[in-house]
Each structure stands twice: as structure tokens, then as C-alpha cells.
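J.: Residue 447 is where the sequence shown starts when you use this note's numbering, and the numbers rise one by one after that.
My questions will all concern the structure given below.
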Amino acid sequence: MTGAGQTPPPGWYPDPGGAPGMVRWWDGGTWSDVMMPSGPGVAVRTAPGAAQHREVELSPADQAETGRTPRRSAVWIALVAVVVLVGAVVGTLLALRPDGDRSDRTAAPSTSAVPSQPGGGSAFPSGMVRITDRAAGISYPYLGEGWSEFDLGLQLETTETTGQYFTTQEGTPDGGIFISQCTSGPVAAEYGYAGPSTLQSTVTRLAASVRGNYYPGPNEREVLRDEARTVDGRAAHLVEFTLTWDVEGYDATGERAALLLIDVGRPAPALVYISIPNTHAELYGVIDRVLEDIDVL
447 MTGAGQTPPP GWYPDPGGAP GMVRWWDGGT WSDVMMPSGP GVAVRTAPGA
497 AQHREVELSP ADQAETGRTP RRSAVWIALV AVVVLVGAVV GTLLALRPDG
547 DRSDRTAAPS TSAVPSQPGG GSAFPSGMVR ITDRAAGISY PYLGEGWSEF
597 DLGLQLETTE TTGQYFTTQE GTPDGGIFIS QCTSGPVAAE YGYAGPSTLQ
647 STVTRLAASV RGNYYPGPNE REVLRDEART VDGRAAHLVE FTLTWDVEGY
697 DATGERAALL LIDVGRPAPA LVYISIPNTH AELYGVIDRV LEDIDVL
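Shown next, in the form of C-alpha cells:
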């Protein structure tokens, strides 16, 4: 049990910055970089005083020992409070607007093939709640503060790439960055899609492609789910797996990934690709959160 004065256990807690309806992961010593909305599948603990204030009190020596840079200060918290207040006002104004004008609640598909500010990412519009990928013909939840608009160029598996990501490691051995991501796009023709009967074979090829293109090797794969599904009344197929590796220079030693291929009634099916490294295993729950809330346009 946790007694008075003890460090609170790891878990999801209400955001210490005061963002309404948002929770942040506490790992027992520091806060995660990423917040997410509270909701089904998220067990939120009662916020103890130590969890609310511990990170503000970290000394420079503590920060150096943990290898983490300070994420929050008294000034930062004050700024967040101001941003939250402004966001609440903006959100109220947006809610009062006619339904016909919701352009700032969706993200337009990215067609840039050149990364802009690698590792940084572009902020989504204020009031964002869902990402709309018009090229692929689907929409799905925006995962909240800390997730930036995907601006790292096209992925090989899709003809256009839309979505969200955040950087989990700068300066990987190959000179790039390592990320968590939730992206989508129309599948490229070379993956052999020829209608709903080929959903499984196509997504199997796509899973092999991302494994070879985006993860350290050699790696081992364990398939968690390989199943037909229905998404908003349309045929779909899901492949979810974990990868593990032991490669020097990477913070992560594994990753959980899910690829959902959806027949959206167009020549190219829509691919949803979610991938979370085990350095942020507390976010594995966002996989089902996205998979259960996809709409076909």
C-alpha cells in the first residue's frame, strides 16, 4: 500500500497542468511527455500531492541522474494554465459555430515528401478532436497534447500520409529519429489489393514492409491478432504484432504495431498504421482506442 509521504505508484493521473479531461502517465518518478483524453480503457488514479508536485521539485542533480530534461516549472505551469483557459474559450466559440463550418477541427492530408523540422512536428489547430484523412476516406481520434501532425514525408506503403506522431528518441544509430505514430493513407498499388477478398493478403504484405523498413534488425515478431473486422459497416482486416530486438544505440528494445486495412469503396483501401515503442508502453492502450473509433467518410 502507499502510505503518507511515499512516492505514488505508476499510473494515469489527471494532468497536473490542469488540462480538463486529460490524463498524463506518471512512471513513479517523472511524468510522460504525452497526454491523452480520459475515457474507456483508461484507469485514472486519484492524484496524490506527491505526483502533482514532485517533478517541479526535481533538482538539477536529480535531472542529470535520471537523464531527463525538466519538463515542467512553475512558470511553465502558469503558461499552461493560461493556454488551457484560452483553449476553453476557443472551444466554446467553436462549439457555438454552425455545423457547416468545422474546417479547423480536421487535418488536411499531407502531400509533402520532404520532412519539415524533423523530430519537431507541427501543432494541430486549436479545438482539434479528430483527424480526417480525405485521401484515404476515413477519420479517427486525435490523441491529444504531445502528438504532432505527421510531417515526415510519405511512407512507402501509402500514396499520401496523414496522421500524428511524437519523437521518442533523437539521434538513432542511422542518424534519424525514433517515433510513436498513428498514420493513415491510401495503399500503394504495388501491394496487390484487388477487392475485399484480398484484404488479409494485402495487409500481410504491408506488415512485412513496415517491419523491414522502419525497425532495427534483426528482430523477432510475435503476432497478437490476425483477424477480419468490420469498420463502420465496411470489410477490414487487422494484423497486430510485437517486435523485439537487441540493437545497440536504440532506447527501445521492442515495439507494438497494428495495421488495419479497410475497404472504403475506392480503388485503394485505407491503411491505418499505429506503432508504439516499449519505452512508452503505457500508451499501448491508444491502439484499441483508435481501432474502435474509425469512421468511413
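We treat Cβ as the ideally placed atom computed from N, Cα and C, and that holds for glycine.
(1) Between the segment 627-645 and the segment 717-734, are three or more C-beta pairs nearer than 8 angstroms?
(2) If you count every other CB in all the chains shown that lies within 10 Å of the CB of Pro-595, and 16 or more means buried, which is it?
(3) Are the CB atoms of Val-742 and Gly-679 within a distance shorter than 9 angstroms?
(4) In the DSSP assignment, what residue or residues form a beta bridge with Asn-724?
(5) If we ignore side chains and look at the alpha-carbon of each, how far apart do Leu-707 and Glu-668 end up?
(6) Along the chain, where does the beta strand (DSSP E) containing Gln-646 start, and where does it finish?
(7) Report yes or no: do three or more beta-carbon pairs, one from the segment 693-706 and one from the segment 730-741, lie closer than 8 angstroms?
(8) My output table needs one value for Ile-623: the three-state DSSP class, helix, strand or coil.
(9) If you follow the alpha helix (DSSP H) that Leu-589 is in, where does it begin and where does it stop?
(10) What does the Cβ neighbour count give for Ala-781, buried or exposed, with the cut at 16 atoms within 10 Å?
(11) To which residues of the same chain is Pro-587 closer than 7 angstroms at the C-beta, ignoring the five residues directly before and after it?
(12) What is the rounded straight-line gap between the Cα of Ala-727 and the Cα of Phe-570?
(13) Using only CA atoms, which one of Glu-616, Thr-613, Arg-675 and Gly-573 lies nearest to Ser-643?
(14) Thinking C-beta only, is Leu-652 closer than 9 angstroms to Met-482?
(15) Can you list, in chain order, the residues of its chain whose CB lies under 8 angstroms from that of Ser-562, leaving out five sequence neighbours each side?
(16) Identify the residues that DSSP records as bridge partners of Val-685: which are they?
(17) Out of Thr-578, Glu-616 and Ile-623, state which residue places its alpha-carbon closest to the alpha-carbon of Glu-606.
T.: Let me spell this out:
(1) yes
(2) Residue 595 sits at position 149 when you count from the first residue of the sequence shown. First, the residue type needs correcting, since residue 595 is Glu and not Pro in the sequence shown. Classification for Glu-595: buried.
(3) For the purposes of this step, residue 679 is taken as the residue at position 233 of the sequence shown. For the purposes of this step, residue 742 is taken as the residue at position 296 of the sequence shown. Cβ atoms of Gly-679 and Val-742: closer than 9 angstroms.
(4) Taking the first residue of the sequence shown as 1, we reach residue 724 at position 278. Answer is none; Asn-724 lacks a bridge partner.
(5) Here the question's residue 707 lines up with position 261 in the sequence shown. Here the question's residue 668 lines up with position 222 in the sequence shown. Distance between the alpha carbons of Leu-707 and Glu-668: 19 angstroms.
(6) The residue given as residue 646 occupies position 200 in the sequence shown. Gln-646 -> not in any beta strand (DSSP E); alpha helix (DSSP H) instead, spanning 645-660.
(7) yes
(8) By 1-based counting over the sequence shown, the position of residue 623 is 177. Strand at Ile-623.
(9) Position 143 of the sequence shown holds residue 589. Run containing Leu-589: none; DSSP gives neither H nor E here.
(10) This structure cannot speak to residue 781, because the chain is shown only from 447 to 743.
(11) Taking the sequence shown and counting its residues from 1, the one referred to as residue 587 is at position 141. Contacts found: Arg-576, Arg-735, Val-736 and Asp-739.
(12) To locate residue 727, count along the sequence shown from 1; it is residue 281. To locate residue 570, count along the sequence shown from 1; it is residue 124. Between Ala-727 and Phe-570, the C-alpha separation is close to 24 angstroms.
(13) As a working note, residue 643 is residue 197 in the sequence shown. Selected option, being the one with the closest Cα: Arg-675.
(14) As a position in the sequence shown, residue 482 is number 36, starting the count at 1. As a position in the sequence shown, residue 652 is number 206, starting the count at 1. Going by C-beta atoms, Met-482 is not nearer than 9 angstroms to Leu-652.
(15) As a first step, residue 562 must be located in the sequence shown, where it is residue number 116. In this prediction, Ser-562 scores a pLDDT of 32, lower than 50, which makes its location untrustworthy; the coordinate-derived value is nonetheless stated afterwards. Answer for Ser-562: Ser-568 and Asp-597, listed in chain order.
(16) Counted from its first residue, the sequence shown places residue 685 at position 239. Per DSSP, Asp-672 and Leu-705.
(17) The count along the sequence shown starts at 1 and reaches residue 606 at position 160. Closest by alpha carbon: Thr-578.
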